[in-house]
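First residue of the sequence shown: 0, per numbering that gives the first Met the number 0; consecutive thereafter. Virtual Cβ for every residue (Gly too), placed ideally from N, Cα, C. Scroll down for the structure; my scribbles are underneath it.
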Amino acid sequence: MKTLFALNLILPVLSKCPVLNFFKYKSNVSSDVSSNVSSNVSSNVSSNVIDNVTSNVIDNVIDNATSNVIDNVTSNVIDNVTSNVIDNVSSNVIDNVSSDISSDVIGNVSSNITSNITSNLSSNVSSNFFNETQYIDGKATFYFRINDDIDGCPDVQTFNDGNKYGPCEVQYNTDSKYWCAIKNSKDYCGKSIVVYYKENQINLKVMDECPSCNNNIDMSLEALIELTGSKENACAINQQLPDVKWKILL
């Protein structure tokens, strides 16, 4: 009974004790500060990370992808670049951010990278590769090496590389009259091309490059004679034969 009586006297005093109230106040402050800091950090990190990722990372990725990938890109590369970049961003950036922010970052990075890379690569790819599913409208031009006999045709445009190995790693030989040179030949070395002029056609093989040809195709005098029907017709075209259609055979 004495013990209970003593506790009843002490407890009211302890409840007003400054030391105990300090620890209770410290606990409440810690809880409030934690929730406020967490909320502020989450919102600030979310906006900062998204802004930084979309403004800095995406620009760098697009520049690198455009300069390094385009030469060898195909339609599948865009998908690979997109998925690889997003995976790298997710693993390197998002893992260090809270899980609540991850979904926002992934959504922003994914949509921005996909649209920007697709747009940049598509425009560059279209200017560097021929459409292999359609016929190309162009002109046929004279192509021969330094040791060719042009049989008296005047004003023949030359494409002379001194018989050195070209992009396709071959040299001029007796089969060269069925060779042709096109732009970006390194992407089509050894591929066959069918060339049409009026009712005539000829099959040639890509074995050299003509950087300035664009949609034109360089071919030998023999090929032009076969395509136009006679030597006189070939010699009379004065360097370029218009209204030619050609297609790369897959």
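How would you label residue i, buried or exposed, when you count the other beta carbons within 10 angstroms and need 16 or more for buried?
i           : result
residue 198 : exposed
residue 126 : The predicted position of residue 126 is uncertain, since its pLDDT is 44 and thus under 50; a value taken from the coordinates is nonetheless stated next. Classification for residue 126: exposed.
residue 137 : buried
residue 187 : buried
residue 229 : exposed
residue 242 : exposed
Can you check whether the CB of residue j is closer than 8 Å to the CB of residue i?
i           : j           : result
residue 196 : residue 139 : yes
residue 194 : residue 226 : yes
residue 244 : residue 212 : no
residue 240 : residue 192 : no
Beta-carbon within less than 7 Å of residue i's beta-carbon, same chain only, minus the 5 sequence neighbours each way: which residues are those?
i           : result
residue 201 : 194, 222, 225 and 226
residue 184 : 166, 167, 205, 207 and 208
residue 214 : 135, 136 and 137
residue 177 : 203, 204 and 222
residue 210 : 182
By Cβ distance, which residues of its chain are closer than 6 Å to residue i, with the 5 residues on each side in sequence left out?
i           : result
residue 246 : 134 and 193
residue 169 : 206
residue 190 : 205 and 247
residue 231 : none
- Message: What ranges does the alpha helix (DSSP H) occupy inside the segment 166-221, keeping only unbroken runs of at least 4 residues that lie completely in it?
- Response: Here no run is fully enclosed.
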